[in-house]
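Everything in the sequence shown is counted per the numbering used here, starting at 22 for the first residue and increasing by one.
To start, the structure itself, in structure tokens.
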Amino acid sequence: MKFFFSPQGLELSKENFISLYSDIYFYKNRNLALEQKMEKLLYCDSLSGDDIFEILCWKTGSANADTQSRTIKTQYITIQTTPIEVLLAGKKPQVHEPEVAKALFEKISEFDGIGSVYAITLLHFASCGEWPIYDRFAHLALLAIDQERDFLSIITDSELGKAFHANAKCTFDDYRQYVNLLRTYFGDTYKEDRNIDRALWAYGHLFNVSKENKNRM
Numbered sequence: 022m023k024f025f026f027s028p029q030g031l032e033l034s035k036e037n038f039i040s041l042y043s044d045i046y047f048y049k050n051r052n053l054a055l056e057q058k059m060e061k062l063l064y065c066d067s068l069s070g071d072d073i074f075e076i077l078c079w080k081t082g083s084a085n086a087d088t089q090s091r092t093i094k095t096q097y098i099t100i101q102t103t104p105i106e107v108l109l110a111g112k113k114p115q116v117h118e119p120e121v122a123k124a125l126f127e128k129i130s131e132f133d134g135i136g137s138v139y140a141i142t143l144l145h146f147a148s149c150g151e152w153p154i155y156d157r158f159a160h161l162a163l164l165a166i167d168q169e170r171d172f173l174s175i176i177t178d179s180e181l182g183k184a185f186h187a188n189a190k191c192t193f194d195d196y197r198q199y200v201n202l203l204r205t206y207f208g209d210t211y212k213e214d215r216n217i218d219r220a221l222w223a224y225g226h227l228f229n230v231s232k233e234n235k236n237r238m
């Protein structure tokens, strides 16, 4: 049996888990207009350069973005988005097959400042959700579910594997291991239902190494 817990430590069904934690996601991310825009960009047929710029701003969470110079400054690096826009702007490519997706992932990963997580994000939008987005909190949540972790567990970053650490370059095979774990518990529903990703993001915060989580143990 795999465990899904409420914030009070009560076991939940999968359906109730998705419903509860996707609502919690929206409590913590209350810019509904931005969420709606990202969902629209995910499922539309084409992307503009400005769309790609906005997607990267959303994923990086950076407040230091300059549309004129097409730069996004994160804590560690400045991303120049123009070459990325040139590659991805226009009608979305057909990237359903793994080998095609792998080639696009590797090409995106070549750009300065684009680590594996950002490359996966762009692949996610380019594929209309065929390839799932990656987030470390969602990964923590899936590990907690897969390993039947007790509600009071904490999962360290090292348990995620070095491939998904900051500034690391994971391979497409590393990413596919994450995809397979997601599919094990949620099938292919993530392709149409973003609430799964939202719920996992919120749930993963319960198992993250933080002062608050240490204090509740």
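Backbone N, C-alpha and C fix where the C-beta goes; we use that ideal spot for every residue, glycine too.
Every value quoted in this text rests on a predicted model; they were computed, and no experiment measured them.
- Nearest Cα to Gln96 within the set Ala86, Val230 and Phe38: Ala86.
- Residue range Lys35 to Lys49 is occupied by the alpha helix (DSSP H) that includes Lys49.
- Within its own chain, the residues whose Cβ lies closer than 7 Å to the Cβ of Lys190, once the five positions on either side in sequence are excluded, are Ser130, Gly136 and Ser137, listed in chain order.
- Under the three-state reduction of DSSP, Gly111 is assigned to strand.
- Taken through DSSP and simplified to helix, strand or coil, Ala162 comes out as helix.
- In the DSSP annotation of this structure, Gln168 is not part of any beta strand (DSSP E), being labelled neither H nor E.
- In the three-state reduction of the DSSP assignment, Ser67 falls in the strand class.
- Around Leu164, the same chain offers Ile176 and Glu180 as residues with beta carbons nearer than 7 Å, after the five sequence neighbours per side are excluded.
- Apart from the 5 residues on each side of it in sequence, His145 sits with its Cβ closer than 7 Å to the Cβ of Trp152, Pro153 and Ile154 in its chain, given in chain order.
- The criterion of a C-beta distance shorter than 9 Å is satisfied by Phe172 and Phe26.
- DSSP places Lys232 in the uninterrupted alpha helix (DSSP H) bounded by Lys232 to Asn236.
- Listed in chain order, the beta strand (DSSP E) runs fully inside the stretch 124 to 156 amount to none, counting runs of at least 3 residues.
- Tyr46 is not a Cβ neighbour of Ala162, given a cutoff of 9 Å.
- Burial state of Asp66 is exposed, judged by a 10 Å Cβ sphere holding fewer than 16 other Cβ atoms.
- With a 10 Å radius around the Cβ and a threshold of 16 neighbouring Cβ atoms, His117 comes out exposed.
- Annotation: Thr102 to Lys94 spans about 11 Å, alpha carbon to alpha carbon.
- A distance below 8 Å between beta-carbons, with the five flanking residues on each side excluded, links Asn236 to no residue of its chain.
- Here Gln198 carries a helix assignment [DSSP, helix/strand/coil].
- Contact between Ala147 and Lys113 holds, since their C-beta atoms are separated by about 6 Å, short of 8 Å.
- A distance below 7 Å between beta-carbons, with the five flanking residues on each side excluded, links Asn216 to the following residues of its chain, in chain order: Ile39 and Ser43.
- By the criterion of a C-beta distance shorter than 7 Å, Pro104 is surrounded in its chain by Phe132, once the five residues flanking it on both sides are discounted.
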